[in-house]
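Below is one structure, written out as structure tokens; the observations come after it.
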Amino acid sequence: MSVPYETAAYEPPESPESPEEHLERLLGRALNSFELPDEAIRRLDCALAHDSSLHSAHHSAGLHRETYRHTWLLADGSALTLWELVHNTAPGSGPQAEVYVDEEELRAATARLPLPADAPDFELPVTVQLAAVVQPRHRYVPDDNSADHARRLLRRAENTDRPGAEIADLLRTAFAHRITQAFGRPCRAGRAGIGFSLYEHAFLLPGGEEISLWEIEHTATPDGRHMCEVYPTEDGARDAMERRAART
Numbered sequence: 001m002s003v004p005y006e007t008a009a010y011e012p013p014e015s016p017e018s019p020e021e022h023l024e025r026l027l028g029r030a031l032n033s034f035e036l037p038d039e040a041i042r043r044l045d046c047a048l049a050h051d052s053s054l055h056s057a058h059h060s061a062g063l064h065r066e067t068y069r070h071t072w073l074l075a076d077g078s079a080l081t082l083w084e085l086v087h088n089t090a091p092g093s094g095p096q097a098e099v100y101v102d103e104e105e106l107r108a109a110t111a112r113l114p115l116p117a118d119a120p121d122f123e124l125p126v127t128v129q130l131a132a133v134v135q136p137r138h139r140y141v142p143d144d145n146s147a148d149h150a151r152r153l154l155r156r157a158e159n160t161d162r163p164g165a166e167i168a169d170l171l172r173t174a175f176a177h178r179i180t181q182a183f184g185r186p187c188r189a190g191r192a193g194i195g196f197s198l199y200e201h202a203f204l205l206p207g208g209e210e211i212s213l214w215e216i217e218h219t220a221t222p223d224g225r226h227m228c229e230v231y232p233t234e235d236g237a238r239d240a241m242e243r244r245a246a247r248t
């Protein structure tokens with residue numbers, strides 16, 4: 001059964017351009033936003049995408065109640081949902097909005113509203129469409145120094161075929177990163193005392209895009225000094241290690 005939107009006194013605003021703007025508008029219109037747990041708000045600081053949908057509605061004799069489900073995809077691949085309750089049951093007032101992190105709290109708040117028990121209630125199946133955003137391969141912790149880390153990594157790379165200006169520009173927007181040592185395919189040994197290490201520097205960009213840079217640290221230089229090289233792919237980095245080892 002379709003929900004009679006024409007009788008509703010409230011309609012949610014059009015989706016904003018970013019998850020942060022959507023959250024700001026939601027909290028700005030909710031009368032009880034100050035009661036939300038600080039931890040939930042902190043987690044939403046790293047949201048990559050969001051989806052909103054009408055969950056249920058209740059209409060009777062000019063009074064109405066709607067509930068909306070707002071879900072955010074977070075940088076660690078998990079999701080967080082806030083439930084919005086909108087109604088016009090307060091005497092002499094227009095539509096009012098409340099927001100809850102728990103569906104049980106939402107139901108308790110809904111039960112307190114002065115709506116007739118026999119008023120029609122419409123409930124829609126929950127559909128959350130976040131498939132357009134790829135879940136990150138890594139778990140990240142937001143870090144304000146991520147863009148600077150990328151800049152310093154590219155600056156110390158000595159290979160002429162290191163990632164160029166296009167990648168550098170993208171990484172200026174990075175807001176989280178993760179460094180892991182890569183093992184796997186062994187590098188052919190060169191002269192005694194030569195050492196190779198391979199690291200993946202994964203960066204998370206707004207919108208959920210990930211960029212990885214592959215750093216080689218080695219001493220396969222004529223004088224045995226330490227050298228850093230950076231490549232845009234793992235295969236490119238491993239091939240460079242093989243070439244370096246073969247020349248020593």
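Per full-length UniProt numbering, numbering of the sequence shown is gapless, rising by one per residue and ending at 248.
By construction, the Cβ of each residue, glycine as well, lies at the ideal position given by its N, Cα and C atoms.
- V99 is positioned such that its CB atom lies closer than 8 Å to that of S33.
- R65 is positioned such that its CB atom lies closer than 8 Å to that of L113.
- Segment contact: the stretch 56-73 against the stretch 157-175, fewer than three CB-CB distances shorter than 8 Å; contact not assigned.
- The three-state reading of DSSP puts R247 in coil, since its state is none of H, G, I, E or B.
- Around the CB of H58, 16 or more other CB atoms lie within 10 Å, so the residue is classed as buried.
- Taking all protein chains in view, the Cβ of E229 is crowded by 16 or more other Cβ atoms within 10 Å, so the residue is classified as buried.
- When only Cα atoms are considered, H138 and E200 end up about 11 Å apart.
- H50 is not a Cβ neighbour of R69, given a cutoff of 8 Å.
- Under a 10 Å Cβ-count criterion, P91 is classified as exposed, with fewer than 16 other Cβ atoms of the shown protein chains found around its own Cβ.
- Between A202 and R178, the gap from beta carbon to beta carbon is short of 8 Å.
- In the structure shown, D76 adopts coil according to DSSP, grouped into three states.
- In the three-state reduction of the DSSP assignment, E217 falls in the strand class.
- Residue state for S52 is assigned as strand, using DSSP reduced to three classes.
- Comparing alpha carbon positions, the residue from D169, A168, T233 closest to A182 is T233.
- A residue is called buried once 16 or more other Cβ atoms fall within 10 Å of its Cβ, and L31, having fewer, is exposed.
- Taken through DSSP and simplified to helix, strand or coil, R151 comes out as helix.
- For the pair P163 and L115, the CB atoms are not nearer than the 8 Å cut-off.
- By the CB criterion at 8 Å, R29 and A97 fall inside the cutoff.
- Residue pairing by DSSP places F203 opposite H177, I211 in a beta bridge.
- Sixteen is the threshold: since fewer than 16 other Cβ atoms of the shown chains lie within 10 Å of the Cβ of T221, the residue is exposed.
- The DSSP-derived three-state label of T233 is coil.
- Counting the other CB atoms within 10 Å of its CB gives P19 a total of 16 or more, which places it among the buried residues.
- For R29, the three-state secondary structure derived from DSSP is helix.
- F196 has H218 as its beta-bridge partners, per DSSP.
- Taking L44 as the centre and dropping the five residues before and after it, the same chain places the C-beta of L23, W72, L80 closer than 7 Å to its C-beta, in chain order.
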